[in-house]
Amino acid sequence: MGAVAPLLSGRPGAVKQEGRIGIYDFLMALDGPAEDNARLSCPRILNEASPMETRRLEYFVRIVDAGSISRAAQDLGLAQPALSQQLAILEQDVKAQLLHRSRQGVTPTAAGRQFYRQAQIILRQVAEARSLVTAAEESLAGTVSVGFPNSAAAILCLPLIARLNAEHPQIELQITEGYSAVLTGMAQKGQLDMSVLYQETPPPGMTTTGLWVEDLLLVSPPGAALGDRVPLNTVARVPMIVPSPANSTRIALDKCLGEQGLSANVTLQADSLVTLKKAVQQGMGHTILPWPAVAEEVEKGLLAAASFDDAPLHRTVALCTPDAVPPSPARDRVAATIRAIAAEALATGRNLGMRRAA
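Under numbering that gives the first Met the number 0, think of the first position of the sequence shown as 0, with each following residue one higher.
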(Lines of atoms letter the chains of each structure in order from A and count residues from 1; the text may use other names and numbers.)
(Lines give C-alpha, C1' and ligand atoms only; values in the text may rest on other atoms or scores of the structure.)
Protein backbone atom coordinates (compact mmCIF):
# COMPACT_ATOMS: atom_id res chain seq x y z
CA MET A 1 0.00 0.00 0.00
CA GLY A 2 2.12 2.86 -1.24
CA ALA A 3 -0.09 5.51 0.39
CA VAL A 4 1.09 4.76 3.90
CA ALA A 5 4.79 5.05 3.09
CA PRO A 6 5.14 8.80 3.87
CA LEU A 7 3.65 8.30 7.33
CA LEU A 8 5.99 5.44 8.16
CA SER A 9 9.14 6.55 6.39
CA GLY A 10 10.79 7.73 9.58
CA ARG A 11 10.44 4.32 11.30
CA PRO A 12 13.02 1.72 10.20
CA GLY A 13 11.45 -1.43 8.85
CA ALA A 14 7.91 -0.08 8.80
CA VAL A 15 7.61 -0.32 5.04
CA LYS A 16 9.26 -3.41 3.65
CA GLN A 17 8.65 -2.67 -0.02
CA GLU A 18 5.97 -1.24 -2.27
CA GLY A 19 2.66 -2.87 -1.34
CA ARG A 20 4.10 -4.99 1.50
CA ILE A 21 3.87 -4.09 5.18
CA GLY A 22 5.13 -5.97 8.23
CA ILE A 23 2.03 -6.29 10.40
CA TYR A 24 3.92 -6.04 13.67
CA ASP A 25 5.92 -3.09 12.33
CA PHE A 26 2.76 -1.39 11.11
CA LEU A 27 1.19 -1.61 14.56
CA MET A 28 4.41 -0.41 16.18
CA ALA A 29 4.21 2.66 13.96
CA LEU A 30 0.75 3.54 15.27
CA ASP A 31 -0.28 5.07 18.58
CA GLY A 32 -3.38 4.45 20.66
CA PRO A 33 -4.84 1.89 23.02
CA ALA A 34 -6.52 -0.16 20.31
CA GLU A 35 -3.24 -0.85 18.59
CA ASP A 36 -1.43 -1.52 21.86
CA ASN A 37 -4.09 -4.13 22.68
CA ALA A 38 -3.65 -5.59 19.22
CA ARG A 39 0.05 -6.11 19.79
CA LEU A 40 -0.51 -7.78 23.13
CA SER A 41 -3.39 -10.04 22.17
CA CYS A 42 -1.69 -12.27 19.61
CA PRO A 43 2.10 -11.88 19.72
CA ARG A 44 2.71 -15.16 17.91
CA ILE A 45 0.55 -14.21 14.96
CA LEU A 46 1.92 -10.69 14.67
CA ASN A 47 5.44 -11.83 13.94
CA GLU A 48 7.68 -8.83 13.15
CA ALA A 49 9.82 -10.94 10.86
CA SER A 50 6.83 -11.79 8.72
CA PRO A 51 5.93 -9.22 6.07
CA MET A 52 2.58 -9.72 4.37
CA GLU A 53 0.46 -7.86 1.91
CA THR A 54 -2.47 -5.92 3.29
CA ARG A 55 -4.34 -7.22 0.24
CA ARG A 56 -4.35 -10.67 1.86
CA LEU A 57 -5.76 -9.20 5.05
CA GLU A 58 -8.61 -7.76 2.99
CA TYR A 59 -9.21 -11.15 1.39
CA PHE A 60 -9.25 -12.89 4.77
CA VAL A 61 -11.76 -10.43 6.24
CA ARG A 62 -14.03 -10.82 3.20
CA ILE A 63 -13.89 -14.61 3.48
CA VAL A 64 -14.84 -14.55 7.17
CA ASP A 65 -17.63 -12.05 6.50
CA ALA A 66 -18.98 -14.14 3.63
CA GLY A 67 -18.58 -17.46 5.46
CA SER A 68 -17.52 -19.02 2.19
CA ILE A 69 -14.42 -18.88 0.01
CA SER A 70 -16.46 -19.27 -3.17
CA ARG A 71 -18.87 -16.49 -2.18
CA ALA A 72 -15.98 -14.19 -1.21
CA ALA A 73 -14.23 -14.95 -4.50
CA GLN A 74 -17.39 -14.00 -6.39
CA ASP A 75 -17.72 -10.74 -4.42
CA LEU A 76 -14.06 -9.89 -5.06
CA GLY A 77 -14.19 -10.84 -8.73
CA LEU A 78 -11.51 -13.50 -8.29
CA ALA A 79 -11.29 -17.13 -9.26
CA GLN A 80 -11.85 -19.39 -6.26
CA PRO A 81 -8.51 -21.25 -6.69
CA ALA A 82 -6.64 -17.94 -6.73
CA LEU A 83 -8.34 -16.79 -3.53
CA SER A 84 -7.68 -20.15 -1.86
CA GLN A 85 -4.02 -19.82 -2.79
CA GLN A 86 -3.84 -16.36 -1.20
CA LEU A 87 -5.42 -17.73 1.98
CA ALA A 88 -2.92 -20.59 2.07
CA ILE A 89 -0.03 -18.14 1.74
CA LEU A 90 -1.47 -16.08 4.58
CA GLU A 91 -1.82 -19.09 6.88
CA GLN A 92 1.73 -20.15 6.02
CA ASP A 93 2.92 -16.63 6.74
CA VAL A 94 1.35 -16.44 10.22
CA LYS A 95 2.14 -20.13 10.92
CA ALA A 96 -1.39 -20.83 12.10
CA GLN A 97 -4.60 -22.31 10.73
CA LEU A 98 -7.05 -19.45 10.50
CA LEU A 99 -10.18 -21.18 9.14
CA HIS A 100 -12.10 -24.41 9.62
CA ARG A 101 -13.30 -25.74 6.25
CA SER A 102 -16.52 -27.73 5.92
CA ARG A 103 -19.22 -28.42 3.34
CA GLN A 104 -21.26 -25.60 4.86
CA GLY A 105 -18.45 -23.08 4.35
CA VAL A 106 -15.68 -21.70 6.56
CA THR A 107 -15.52 -20.47 10.16
CA PRO A 108 -12.54 -18.87 11.90
CA THR A 109 -10.44 -20.87 14.34
CA ALA A 110 -9.53 -19.37 17.73
CA ALA A 111 -6.40 -17.93 16.15
CA GLY A 112 -8.47 -16.84 13.17
CA ARG A 113 -10.88 -14.90 15.38
CA GLN A 114 -7.98 -13.04 16.97
CA PHE A 115 -6.41 -12.41 13.59
CA TYR A 116 -9.74 -11.22 12.17
CA ARG A 117 -10.03 -8.54 14.87
CA GLN A 118 -6.47 -7.35 14.37
CA ALA A 119 -6.83 -7.40 10.58
CA GLN A 120 -9.84 -5.11 10.85
CA ILE A 121 -7.84 -2.69 13.02
CA ILE A 122 -4.95 -2.69 10.58
CA LEU A 123 -7.13 -2.20 7.51
CA ARG A 124 -8.95 0.65 9.19
CA GLN A 125 -5.64 2.32 10.08
CA VAL A 126 -4.36 1.86 6.53
CA ALA A 127 -7.52 3.49 5.17
CA GLU A 128 -7.16 6.37 7.62
CA ALA A 129 -3.48 6.78 6.73
CA ARG A 130 -4.36 6.88 3.04
CA SER A 131 -7.01 9.52 3.71
CA LEU A 132 -4.57 11.64 5.71
CA VAL A 133 -1.96 11.52 2.97
CA THR A 134 -4.53 12.31 0.28
CA ALA A 135 -5.88 15.25 2.28
CA ALA A 136 -2.36 16.56 2.87
CA GLU A 137 -1.48 16.36 -0.82
CA GLU A 138 -4.72 18.04 -1.86
CA SER A 139 -4.05 20.92 0.55
CA LEU A 140 -0.73 21.72 -1.16
CA ALA A 141 -2.12 24.59 -3.19
CA GLY A 142 -1.95 28.35 -3.11
CA THR A 143 0.46 31.21 -3.72
CA VAL A 144 3.83 31.36 -1.97
CA SER A 145 6.09 34.41 -2.35
CA VAL A 146 9.83 33.87 -2.01
CA GLY A 147 12.74 36.31 -2.11
CA PHE A 148 16.21 35.43 -3.40
CA PRO A 149 19.44 37.41 -3.50
CA ASN A 150 20.89 37.31 -6.99
CA SER A 151 23.75 34.92 -6.30
CA ALA A 152 21.66 32.46 -4.25
CA ALA A 153 19.01 32.53 -6.97
CA ALA A 154 21.57 31.08 -9.36
CA ILE A 155 21.61 27.88 -7.30
CA LEU A 156 18.07 27.68 -5.96
CA CYS A 157 15.56 29.34 -8.29
CA LEU A 158 15.34 27.15 -11.36
CA PRO A 159 15.55 23.84 -9.47
CA LEU A 160 12.80 25.07 -7.13
CA ILE A 161 10.53 26.05 -10.01
CA ALA A 162 11.13 22.77 -11.85
CA ARG A 163 10.56 20.60 -8.81
CA LEU A 164 7.37 22.31 -7.69
CA ASN A 165 5.98 22.29 -11.24
CA ALA A 166 6.58 18.54 -11.39
CA GLU A 167 5.51 17.54 -7.88
CA HIS A 168 3.06 20.23 -6.74
CA PRO A 169 1.66 22.10 -9.75
CA GLN A 170 -1.10 23.67 -7.62
CA ILE A 171 1.48 25.77 -5.75
CA GLU A 172 2.00 29.11 -7.49
CA LEU A 173 5.39 30.70 -6.85
CA GLN A 174 5.96 34.44 -6.78
CA ILE A 175 9.71 35.07 -6.92
CA THR A 176 11.45 38.35 -6.14
CA GLU A 177 15.18 38.83 -6.72
CA GLY A 178 17.10 41.62 -5.07
CA TYR A 179 19.68 42.59 -2.52
CA SER A 180 19.51 40.99 0.91
CA ALA A 181 18.82 44.27 2.72
CA VAL A 182 15.82 45.01 0.47
CA LEU A 183 14.46 41.49 0.82
CA THR A 184 14.81 41.65 4.61
CA GLY A 185 12.62 44.74 4.70
CA MET A 186 10.03 43.16 2.42
CA ALA A 187 9.87 40.02 4.55
CA GLN A 188 9.54 41.99 7.78
CA LYS A 189 6.65 43.94 6.26
CA GLY A 190 4.84 40.73 5.32
CA GLN A 191 5.41 41.23 1.60
CA LEU A 192 7.17 37.86 1.31
CA ASP A 193 6.26 34.48 2.79
CA MET A 194 9.95 33.68 3.11
CA SER A 195 13.30 34.84 1.80
CA VAL A 196 16.81 33.56 1.41
CA LEU A 197 19.02 36.14 3.11
CA TYR A 198 22.63 36.73 4.05
CA GLN A 199 22.38 36.80 7.83
CA GLU A 200 24.69 35.92 10.68
CA THR A 201 21.91 36.50 13.21
CA PRO A 202 18.11 36.27 12.73
CA PRO A 203 16.48 39.60 11.81
CA PRO A 204 13.88 40.74 14.36
CA GLY A 205 10.58 38.91 13.98
CA MET A 206 11.98 36.18 11.76
CA THR A 207 12.98 32.54 12.16
CA THR A 208 16.05 31.43 10.22
CA THR A 209 17.49 28.13 9.05
CA GLY A 210 21.08 28.10 7.82
CA LEU A 211 21.45 26.77 4.28
CA TRP A 212 25.18 27.15 3.71
CA VAL A 213 28.23 29.26 4.46
CA GLU A 214 29.97 30.72 1.42
CA ASP A 215 33.40 32.23 1.01
CA LEU A 216 33.65 35.59 -0.71
CA LEU A 217 36.17 35.51 -3.53
CA LEU A 218 38.34 38.09 -5.25
CA VAL A 219 36.93 38.27 -8.78
CA SER A 220 39.31 39.62 -11.41
CA PRO A 221 39.65 40.05 -15.18
CA PRO A 222 40.77 36.76 -16.75
CA GLY A 223 44.26 38.10 -17.52
CA ALA A 224 45.00 39.44 -14.04
CA ALA A 225 47.25 36.46 -13.19
CA LEU A 226 46.79 36.78 -9.43
CA GLY A 227 46.59 33.01 -8.87
CA ASP A 228 44.00 30.83 -7.15
CA ARG A 229 44.78 32.15 -3.66
CA VAL A 230 45.70 35.67 -2.62
CA PRO A 231 46.35 37.53 0.65
CA LEU A 232 43.62 39.80 1.96
CA ASN A 233 45.77 42.91 1.58
CA THR A 234 45.42 42.49 -2.20
CA VAL A 235 42.14 44.42 -2.00
CA ALA A 236 44.03 47.37 -0.50
CA ARG A 237 46.34 47.47 -3.52
CA VAL A 238 44.25 46.73 -6.61
CA PRO A 239 41.34 48.91 -7.82
CA MET A 240 38.12 47.58 -6.29
CA ILE A 241 34.59 47.84 -7.67
CA VAL A 242 32.26 47.05 -4.78
CA PRO A 243 28.64 47.49 -3.64
CA SER A 244 27.59 50.30 -1.31
CA PRO A 245 28.30 50.03 2.46
CA ALA A 246 24.78 48.69 3.24
CA ASN A 247 25.29 45.63 1.03
CA SER A 248 25.96 42.34 2.84
CA THR A 249 29.05 41.64 0.73
CA ARG A 250 30.47 45.07 1.51
CA ILE A 251 29.65 44.69 5.20
CA ALA A 252 31.54 41.39 5.37
CA LEU A 253 34.48 42.85 3.44
CA ASP A 254 34.78 46.01 5.55
CA LYS A 255 34.50 44.00 8.78
CA CYS A 256 37.24 41.58 7.77
CA LEU A 257 39.54 44.36 6.54
CA GLY A 258 38.93 46.44 9.66
CA GLU A 259 40.02 43.56 11.89
CA GLN A 260 43.40 43.65 10.13
CA GLY A 261 43.69 47.44 10.01
CA LEU A 262 43.11 47.55 6.25
CA SER A 263 40.68 49.28 3.92
CA ALA A 264 39.69 48.50 0.35
CA ASN A 265 41.02 50.55 -2.56
CA VAL A 266 37.52 51.45 -3.76
CA THR A 267 37.39 53.12 -7.17
CA LEU A 268 33.71 52.51 -7.98
CA GLN A 269 30.55 51.54 -6.08
CA ALA A 270 27.71 49.74 -7.86
CA ASP A 271 24.67 48.01 -6.38
CA SER A 272 24.17 45.89 -9.47
CA LEU A 273 25.51 42.39 -9.94
CA VAL A 274 25.46 42.75 -13.72
CA THR A 275 27.40 46.03 -13.59
CA LEU A 276 29.97 44.63 -11.17
CA LYS A 277 30.72 41.64 -13.38
CA LYS A 278 30.72 43.56 -16.67
CA ALA A 279 33.04 46.22 -15.27
CA VAL A 280 35.49 43.57 -14.09
CA GLN A 281 35.30 41.72 -17.42
CA GLN A 282 36.28 44.96 -19.16
CA GLY A 283 39.33 45.35 -16.94
CA MET A 284 38.08 48.29 -14.86
CA GLY A 285 39.02 46.63 -11.58
CA HIS A 286 38.28 43.73 -9.25
CA THR A 287 35.33 42.88 -7.04
CA ILE A 288 34.22 40.57 -4.23
CA LEU A 289 31.54 37.96 -4.94
CA PRO A 290 30.60 34.40 -3.93
CA TRP A 291 31.11 31.48 -6.28
CA PRO A 292 27.45 31.07 -7.34
CA ALA A 293 27.46 34.63 -8.70
CA VAL A 294 30.43 34.05 -11.02
CA ALA A 295 30.55 30.29 -11.64
CA GLU A 296 29.30 30.52 -15.22
CA GLU A 297 31.70 33.32 -16.20
CA VAL A 298 34.69 31.63 -14.55
CA GLU A 299 33.96 28.33 -16.29
CA LYS A 300 33.76 30.18 -19.63
CA GLY A 301 37.03 32.03 -18.99
CA LEU A 302 35.35 35.44 -18.81
CA LEU A 303 36.38 36.04 -15.19
CA ALA A 304 38.92 34.68 -12.72
CA ALA A 305 38.28 33.94 -9.05
CA ALA A 306 40.69 33.55 -6.15
CA SER A 307 40.09 32.73 -2.50
CA PHE A 308 41.81 34.52 0.36
CA ASP A 309 44.46 32.43 2.08
CA ASP A 310 44.84 34.43 5.28
CA ALA A 311 41.36 35.65 6.29
CA PRO A 312 37.92 34.10 6.92
CA LEU A 313 35.97 36.28 4.50
CA HIS A 314 32.58 34.56 4.32
CA ARG A 315 28.88 34.95 5.05
CA THR A 316 25.97 32.74 6.04
CA VAL A 317 23.09 32.10 3.65
CA ALA A 318 19.86 31.40 5.52
CA LEU A 319 16.20 30.76 4.78
CA CYS A 320 14.22 33.29 6.81
CA THR A 321 10.50 33.11 7.57
CA PRO A 322 8.54 36.00 9.12
CA ASP A 323 6.96 34.94 12.40
CA ALA A 324 3.84 36.96 11.54
CA VAL A 325 3.13 34.94 8.38
CA PRO A 326 0.68 32.12 9.23
CA PRO A 327 1.93 28.63 8.39
CA SER A 328 0.39 26.66 5.56
CA PRO A 329 1.09 23.26 3.98
CA ALA A 330 2.11 24.95 0.72
CA ARG A 331 4.52 27.32 2.42
CA ASP A 332 6.03 24.51 4.48
CA ARG A 333 6.53 22.40 1.36
CA VAL A 334 8.27 25.25 -0.48
CA ALA A 335 10.59 25.81 2.49
CA ALA A 336 11.39 22.10 2.70
CA THR A 337 12.12 21.99 -1.03
CA ILE A 338 14.50 24.95 -0.78
CA ARG A 339 16.37 23.24 2.05
CA ALA A 340 16.59 20.02 0.05
CA ILE A 341 17.93 21.77 -3.06
CA ALA A 342 20.53 23.60 -0.96
CA ALA A 343 21.71 20.32 0.56
CA GLU A 344 21.93 18.73 -2.89
CA ALA A 345 23.98 21.66 -4.19
CA LEU A 346 26.47 21.20 -1.37
CA ALA A 347 26.64 17.45 -1.94
CA THR A 348 27.84 17.87 -5.54
CA GLY A 349 31.12 19.43 -4.37
CA ARG A 350 31.12 21.66 -7.45
CA ASN A 351 30.47 24.93 -5.63
CA LEU A 352 33.78 26.49 -4.65
CA GLY A 353 34.00 27.81 -1.09
CA MET A 354 30.54 26.60 -0.02
CA ARG A 355 29.96 24.40 3.03
CA ARG A 356 27.13 23.36 5.31
CA ALA A 357 25.95 25.94 7.81
CA ALA A 358 26.46 25.06 11.47
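Virtual Cβ for every residue (Gly too), placed ideally from N, Cα, C.
Does the beta-carbon distance from residue i to residue j come in below 9 Å?
| i | j | result |
| --- | --- | --- |
| Leu182 | Phe307 | no |
| Pro242 | Thr233 | no |
| Ala151 | Leu210 | yes |
| Ala269 | Ala263 | no |
| Leu86 | Arg55 | yes |
Apart from the five residues just before and just after residue i, which ones in its own chain have a Cβ nearer than 8 Å to its Cβ?
| i | result |
| --- | --- |
| Leu351 | Asp214, Leu216, Trp290, Ala294, Ala304 and Ser306 |
| Lys276 | Val218, Thr286, Leu288, Ala292, Val293, Glu296 and Leu302 |
| Arg236 | Asn264 |
| Ser357 | Position check: residue 357 holds Ala in this sequence, whereas Ser was assumed. Hits under 8 Å: Gly209 and Val212. |
Whose C-alpha, out of the options, is nearest the C-alpha of residue i?
| i | options | result |
| --- | --- | --- |
| Cys319 | Pro148, Lys299, Gln96 and Ala72 | Pro148 |
| Leu221 | Arg100, Gln280 and Gln198 | Looking at the sequence itself, residue 221 is Pro, so the reference to Leu does not match. Selected option, being the one with the closest Cα: Gln280. |
| Ile337 | Val273, Val143, Ile68 and Gly177 | Val143 |
| Glu298 | Arg349, Val316 and Leu345 | Arg349 |
| Gly282 | Val105, Ala224 and Ser67 | Ala224 |
Apart from the five residues on each side of it in sequence, which residues of its chain come closer than 7 Å, Cβ to Cβ, to residue i?
| i | result |
| --- | --- |
| His167 | Leu139 and Arg332 |
| Arg61 | Ala71, Asp74 and Leu75 |
| Asp322 | Gly204, Met205 and Thr206 |
| Leu155 | Phe147, Val195, Ile337, Ile340 and Ala341 |
| Ser83 | Ile68 |
To the nearest angstrom, how far is the alpha carbon of residue i from that of residue j?
| i | j | result |
| --- | --- | --- |
| Glu296 | Ile121 | 58 Å |
| Leu97 | Ser130 | 30 Å |
| Ala153 | Lys94 | 58 Å |
| Asn246 | Leu157 | 24 Å |
| Leu77 | Tyr58 | 10 Å |
| Ile240 | Gly284 | 6 Å |
| Arg355 | Glu176 | 23 Å |
| Val265 | Gly257 | 14 Å |
| Asp64 | Arg100 | 14 Å |
| Gln259 | Ser179 | 26 Å |
| Ser67 | Val132 | 34 Å |
| Met353 | Ile250 | 19 Å |
| Gln429 | Tyr115 | This structure does not reach residue 429, given that the chain is present from 0 up to 357, and the question cannot be answered. |
| Gln103 | Ala335 | 58 Å |
| Gln190 | Pro326 | 15 Å |
| Val125 | Arg314 | 47 Å |
Within a Cβ cutoff of 6 Å, which residues of the same chain sit near residue i, ignoring the five residues on either side of it in sequence?
| i | result |
| --- | --- |
| Met27 | Below a pLDDT of 50, predicted positions are generally treated as unreliable, and Met27, at 38, falls in that range; the measurement from the model is reported next regardless. Nothing listed; no residue qualifies. |
| Asp192 | Val143, Ser144, Val324 and Arg330 |
| Gln310 | Strictly speaking, residue 310 in this sequence is Ala, with Gln absent from that position. Excluding residues within five positions, the ones whose Cβ falls inside 6 Å are Leu231 and Cys255. |
| Ser69 | Gln79 |
| Pro252 | According to the sequence provided, residue 252 is Leu. The question's Pro does not apply to it. Excluding sequence neighbours, Leu252 sits near Ile287. |
Whole beta strand (DSSP E) elements within the segment 99-183, 3-residue minimum = For the segment 99-183, whole beta strand (DSSP E) runs of length 3 or above, ordered along the chain, are 104-107, 141-147 and 170-176.
Hey, which unbroken runs of the beta strand (DSSP E) at 3 residues or more fall wholly within the segment 210-247?
-> For the segment 210-247, whole beta strand (DSSP E) runs of length 3 or above, ordered along the chain, are 239-241.
Start-end ranges of the beta strand (DSSP E) lying completely within the segment 305-346, minimum 3 residues = You should have 313-321.
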